[in-house]
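In this note's numbering, the protein residues as written are 1064 to 1179.
Shown next, in the form of structure tokens:
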């Protein structure tokens, strides 16, 4: 992957409702989590390609959904775990953070399903 994923481009298709944008956001986020879980993407790569400032700002301004903002907040901090903690502890916390993000994404999808 050479280029970052632009949530603004991906989610701003004309006619997309906020619910659809949140669902797409959750699905893309789950894909990033899968890549992280399987070692296909590093924590640093995830920030470079997805959990970056541009996407965080878009989520805050355009989506304005607390849960989506929490997803981005947890994602942005993933590389810090490996800088601040011993390797074994960092790895354990990394998987705990991935589980938290996954739970938040599933919550977004569930809310969309209930609203439909």
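For every residue, glycine included, the Cβ atom is placed at its ideal position computed from N, Cα and C.
Since the structure is predicted, the reported quantities are computational estimates derived from the model, not experimental observations.
Through-space distance from residue j to residue i, alpha-carbon basis
{"i": "residue 1085", "j": "residue 1102", "result": "26 angstroms"}
{"i": "residue 1169", "j": "residue 1089", "result": "7 angstroms"}
{"i": "residue 1093", "j": "residue 1115", "result": "16 angstroms"}
{"i": "residue 1148", "j": "residue 1077", "result": "44 angstroms"}
{"i": "residue 1065", "j": "residue 1155", "result": "29 angstroms"}
{"i": "residue 1141", "j": "residue 1173", "result": "25 angstroms"}
{"i": "residue 1153", "j": "residue 1080", "result": "38 angstroms"}
Coil, strand or helix - residue i by DSSP
{"i": "residue 1140", "result": "coil"}
{"i": "residue 1078", "result": "coil"}
{"i": "residue 1104", "result": "coil"}
{"i": "residue 1170", "result": "helix"}
Extent of the continuous alpha helix (DSSP H) run through residue i
{"i": "residue 1117", "result": "1116 to 1121"}
Chain-order list of residues whose beta-carbon lies under 7 angstroms from that of residue i (same chain, five-residue window excluded)
{"i": "residue 1175", "result": "1082, 1085 and 1086"}
{"i": "residue 1139", "result": "1110, 1114 and 1119"}
Chain-order list of residues whose beta-carbon lies under 6 angstroms from that of residue i (same chain, five-residue window excluded)
{"i": "residue 1157", "result": "1144"}
Tell me whether the region 1067 to 1074 and the region 1142 to 1162 touch, counting them as touching only if at least three CB pairs, one residue from each stretch, are closer than 8 angstroms. Short answer: they don't touch.
How do the region 1093 to 1113 and the region 1124 to 1132 stand: do at least 3 beta-carbon pairs fall below 8 angstroms, yes or no? Look at the beta carbons and you see the region 1093 to 1113 not touching the region 1124 to 1132: under three pairs across the two are nearer than 8 angstroms.
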